[in-house]
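Novice: A single structure is presented below for examination.
Have a look at this one:
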């Protein structure tokens, strides 16, 4: 089954404790991206990757890092999480950003205390 | 910035037709998406418009006018399950930057 898988789905952590949210897709997609969703602000792009070893900042990259060492994986790293990073995070992938459907993972709800 | 504007909330009656508008800045425009998102779930793809005109897909249609920076999503024969948030998103500058509007929360009432 074609899918985008994120882990963990839910996480409560404390300020400053490094964490990684993994994202994996099995559709051989070149384009992958991360978003956060907050009430009243909609979905905002954090980082995106056009292909392996090619990443770029979205609208809200501060406090986040990403890597794209393999085509299928695009982890989101929070080196020193802060409470303002409490949010619902979505990973998504597609064949290319302007070729059609973007497939989303189920989301990861992160709470930073 | 590249703002995407859409109404925050709309209410419609089961069986009716509703049109959700989206306006965006035209400079660098590459394409426009519509997504549906039910509460607590991931967004699901509805349509992708690159050229001007209307594209119909079952009960849902999407329209684009590139010169006006305007799109709408038309939902016909509304059903209760259509109650959801509808997200408009634009790709700019042939790159990977995707900008979403805040979403329109649609409530369908009996």
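Chains as they are written, first to last, in the working numbering: chain A, 5 to 117; chain B, 502 to 611.
Using N, Cα and C, we set each Cβ at its ideal position, and we do this for glycine too.
The structure displayed is predicted, hence computed values, not measured ones.
(1) Return the chain-ordered ranges of every alpha helix (DSSP H) run that is complete within the segment 20 to 72 of chain A and spans a minimum of 4 residues.
(2) Please go through the same chain and pick out, in chain order, the residues whose beta-carbon is closer than 6 Å to the beta-carbon of residue 14 (chain A), but skip the five residues on each side of it.
(3) Would you say residue 569 (chain B) faces chain E, with C-beta separation under 8 Å as the test?
(4) For chain B, check one thing: does any of its Cβ atoms lie closer than 8 Å to the Cβ of residue 31 (chain A)?
(5) If we ignore side chains and look at the alpha-carbon of each, how far apart do residue 509 (chain B) and residue 562 (chain B) end up?
(6) To the nearest angstrom, how far is the alpha carbon of residue 513 (chain B) from that of residue 101 (chain A)?
(7) Quick one, which residues of the segment 36 to 47 of chain A are near chain B if we go by CB-CB under 8 Å, in chain order?
(8) What residue does the beta strand (DSSP E) around residue 569 (chain B) start on, and which one ends it?
(9) Could you give the distance in angstroms between the alpha-carbon of residue 608 (chain B) and the alpha-carbon of residue 582 (chain B)?
(10) Residues of chain B with CB under 9 Å from residue 94 (chain A), in chain order?
(11) Please confirm if residue 106 (chain A) has its CB atom under 8 Å from at least one CB of chain B.
(12) Along the segment 587 to 603 of chain B, where does the CB come closer than 8 Å to a CB of chain A? Name the residues.
(13) Residue 551 (chain B): beta carbon under 7 Å from a heavy atom of the ligand SAM?
(14) Counting only C-beta atoms, is residue 550 (chain B) closer than 8 Å to chain A at any point?
(15) Any beta carbon from chain B within less than 8 Å of residue 52 (chain A)'s own beta carbon?
(16) Report all residues from its chain with a CB closer than 6 Å to the CB of residue 38 (chain A); omit the five preceding and five following residues, and keep chain order.
(17) So what does DSSP say about residue 553 (chain B), is it helix, strand or coil?
(18) By the criterion of Cβ-Cβ separation under 7 Å, what are the contact partners of residue 532 (chain B) in chain A?
(19) Cutting at 6 Å between CB atoms, please list the residues of its own chain near residue 56 (chain A), excluding the five before and the five after it.
(20) Check the Cβ of residue 110 (chain A) against every Cβ in chain B and list those closer than 7 Å, keeping chain order.
(21) Using a beta-carbon distance below 8 Å, is residue 49 (chain A) in contact with chain B?
(22) Just mark residue 537 (chain B) as buried or exposed, buried being the case when its beta carbon has 16 or more other beta carbons within 10 Å.
(23) Closest to residue 85 (chain A) by C-alpha separation, out of A:9, A:12, A:40 and A:23, would be which residue?
Specialist: Taking the definition as stated:
(1) none
(2) 113
(3) Protein chains A and B are contained in the structure displayed, whereas chain E is not.
(4) Closer than 8 Å: no.
(5) 20 Å
(6) 32 Å
(7) Here the close residues are 37, 39, 44, 45, 46 and 47.
(8) Counted as a single uninterrupted DSSP element, the stretch harbouring residue 569 (chain B) is not any beta strand (DSSP E), since DSSP gives it neither H nor E.
(9) 9 Å
(10) 543 and 544
(11) yes
(12) 588, 590, 592, 595, 596, 597, 598, 599, 600, 601, 602 and 603
(13) Looking for the ligand SAM in the displayed structure turns up nothing, as the structure carries no ligands at all.
(14) no
(15) yes
(16) These residues qualify, in order along the chain: 50, 51, 80 and 95.
(17) Residue 553 (chain B) falls in the coil class under three-state DSSP.
(18) The contacting residues are 102.
(19) 72 and 75
(20) 543
(21) yes
(22) Buried, because 16 or more other Cβ atoms sit within 10 Å of the Cβ of residue 537 (chain B).
(23) The candidate whose alpha carbon is nearest that of residue 85 (chain A) is A:23.
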